[in-house]
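*Asks:* Before we start, here is the structure in question, set down as structure tokens.
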């Protein structure tokens, strides 16, 4: 239940920031760091508890590791570019939130999780790969002179 609530507050926070004046540059840099810590910790905890395979927890952690490091580095260097969300980045985060939150919720209720784990095992690595490709393309376009 706590996992679902935390994911919901992250969604509400982003929605409110966009609706009322837009996200701050600091918030844009901090968001991937917080997402990485949150999803990585929950994924690892669920894998340790046997809810799903360790390799899938590793995919979730790796999905956020690079962006979290970059976001933290930008914050520390006080170089906060205008970051923007990408389609596959948001899709992979939504899939991970459904997997992590869904598995935690179903396990807490004593219900089977095999179908959601199977779906996540197929979709999350694909969406993560596409998100990394999209982030790489966005980073290259930011380096080009306008």
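In the numbering used here, the protein residues as written are 1 to 146. Cβ atoms here follow ideal geometry from the backbone N, Cα and C, with glycine treated the same way. Being a predicted model, the structure only gives us computed values, none of them experimental.
(1) Once you ignore the five residues that flank residue 72 on each side, which residues in its own chain have a CB closer than 6 Å to its CB?
(2) Would the beta-carbon of residue 61 fall within 8 Å of that of residue 54?
(3) Looking at residue 126 and residue 116, is the spacing between their C-beta atoms short of 8 Å?
(4) Let me make sure I understand the geometry here. Which of 37, 70, 12 and 134 has the alpha-carbon closest to that of residue 87?
(5) For the putative contact between residue 99 and residue 120, defined by C-beta atoms under 8 Å, what is the C-beta separation to the nearest angstrom?
(6) Tell me whether residue 43 sits in a helix, a strand or coil according to DSSP, three-state version.
*Replies:* Concretely, from the data shown:
(1) 33
(2) no
(3) no
(4) A check of alpha carbon separations from residue 87 across 37, 70, 12 and 134 identifies 134 as the nearest.
(5) 4 Å
(6) helix
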